[in-house]
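Novice: Residue numbers (the numbering used here): 1340 to 1619. C-beta: ideal position from N, C-alpha, C; glycine also. Just dropping this structure here.
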Amino acid sequence: MVTEDADAGEATADTSGQAVVVAFGQTLKTLRVRAGLEREEFGRRIGYSASTVASYEQGRRIPSPRTIQRADEVLDAGGLLTVWKDQVERAQYPVFFQGMATLEKEALELLAYDTHVLNGLLQTEDYTRAVLDMRRPVLDPETIEQRVAARLARQDILSRRPAPLLGFVLEEAALRHPWGGKAVHRGQLEHLLLIGGKQSVEMQVMPTDRECNAGVDGAFTVITRRDGTRFVYTEVQGNSALQTEPEQTTLAAARYGIIRSQALPSRESFDFVERLLRSL
């Protein structure tokens, strides 16, 4: 089992990735100056303001892979910037989640059971921001915005082709928490109905009044890579564990199957979310 501790989260990138972000920013600035471009002009060409360019160059914000690609083209860098893409992308996640973020990109199947907060792959932008705003100690605004962007980027898995098999069992309590207020709550439930309609997504609700629930030990995710290797990810209070032992991953997959059988079927779950939405 691999266990990683989360950092305090007070910087835009976690400490382990900050050096990468700063080094990338210095490289970006060097290439921009060499090309004879002011920040305003360079920003215009890549679609950002001069202040955003300054944030990239100073390591205060992390550009997306697409932005890095565009910057490389505009500066005629010949790949000197794109070579950083994977490292910079990893740096946008908290250190304890970087391994899981990589696995999501390689997933053939992902099965998640969530208890009091909806899975990050299902969250709207407003819901994500509201949840991150609840963190204590408080995250600074730049960290929140960076993590919002990173979480939304992960949702590419929902539209990827070929589509992985995705399963979500959601505790009723997670559906009822009005994180961010009524409008955010309503928007999140509407979003769930859209995602639940995807052919590659199986979404179920575990009602609070269920007498039997094999998920008493809490939330977890079972993820199977394209090569058939299976992993189990758990996270609590800023600490995470990524289990790889075949016995543990097999038991977790079996446990998920039991939880799934105890939850409402997909059609009834869809109706449940619709009724909850109408009640708001």
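Thinking Gly1382 and Val1372 are a contact (beta carbons under 8 Å), I'd like their distance in whole angstroms, please.
Specialist: Not a contact, Cβ separation roughly 14 Å.
Novice: Look at Arg1569 and Val1575 and say whether their C-beta atoms are less than 9 Å apart.
Specialist: Not a contact, by the Cβ cut-off of 9 Å.
Novice: Quick one: grab the DSSP three-state call for Met1473.
Specialist: Coil, per DSSP.
Novice: Do you know offhand how far Trp1505's Cα is from Val1470's?
Specialist: Going by the sequence as given, residue 1505 is Leu instead of Trp. So the alpha carbons of these two residues sit roughly 23 Å apart.
Novice: Which first and last residues belong to the alpha helix (DSSP H) in which Arg1569 is found?
Specialist: Looking at the DSSP string, Arg1569 is not in any alpha helix (DSSP H); the run it does join, the beta strand (DSSP E), is 1569 to 1575.
Novice: Taking buried to mean at least 16 other C-beta atoms within 10 Å of its own C-beta, is Arg1500 buried or exposed?
Specialist: So Arg1500 counts as exposed.
Novice: Could you tell me which of Thr1441, Ile1401, Ile1407, Thr1366 sits nearest to Arg1384, measuring between CA atoms?
Specialist: Arg1384 has its Cα closest to that of Ile1407, out of Thr1441, Ile1401, Ile1407, Thr1366.
Novice: Run through DSSP, which three-state label would Pro1604 get?
Specialist: Reduced to three states, the DSSP call for Pro1604 is coil.
Novice: Any idea if Met1542 is buried or exposed, counting beta-carbon neighbours within 10 angstroms, 16 or more meaning buried?
Specialist: Classification for Met1542: buried.
Novice: Taking its Cβ as the centre, do 16 or more other Cβ atoms sit within 10 Å of Leu1528, making it buried, or is it exposed?
Specialist: When all chains shown are included, Leu1528 counts as buried.
Novice: Note down the Cα distance separating Arg1565 from Leu1376, rounded to an integer number of angstroms.
Specialist: Taking the straight line joining both Cα atoms gives about 44 Å.
Novice: Which ranges does the alpha helix (DSSP H) cover as unbroken runs of at least 4 residues, wholly within the segment 1418 to 1490, from first to last along the chain?
Specialist: Fully enclosed alpha helix (DSSP H) runs of 4 or longer: 1424 to 1430, 1437 to 1444, 1464 to 1472.
Novice: Please identify the residue among Val1487, Leu1478, Phe1609 whose C-alpha is closest to the C-alpha of Glu1535.
Specialist: According to the sequence displayed, residue 1535 carries Gly and not Glu. Nearest of Val1487, Leu1478, Phe1609 to Gly1535, Cα basis: Phe1609.
Novice: Tell me whether the beta-carbon of Val1434 lies closer than 9 Å to the beta-carbon of Val1359.
Specialist: It is not a contact, given that the beta carbons lie outside the stated cut-off.
Novice: How many Å lie between Pro1604 and Pro1546 at the Cα?
Specialist: So the alpha carbons of these two residues sit roughly 11 Å apart.
Novice: Under 8 Å, with one C-beta from each stretch per pair, do the segment 1472 to 1480 and the segment 1407 to 1424 reach the 3-pair mark?
Specialist: Too few Cβ pairs lie closer than 8 Å, so no.
Novice: Quick check: the Cα distance between Pro1517 and Arg1617, rounded to an integer number of angstroms?
Specialist: If I take the Cα positions, the gap works out to 14 Å.
Novice: Count the other C-beta atoms from every protein chain shown that fall within 10 angstroms of the C-beta of Glu1607, then say buried if there are 16 or more, exposed otherwise.
Specialist: Result: exposed.
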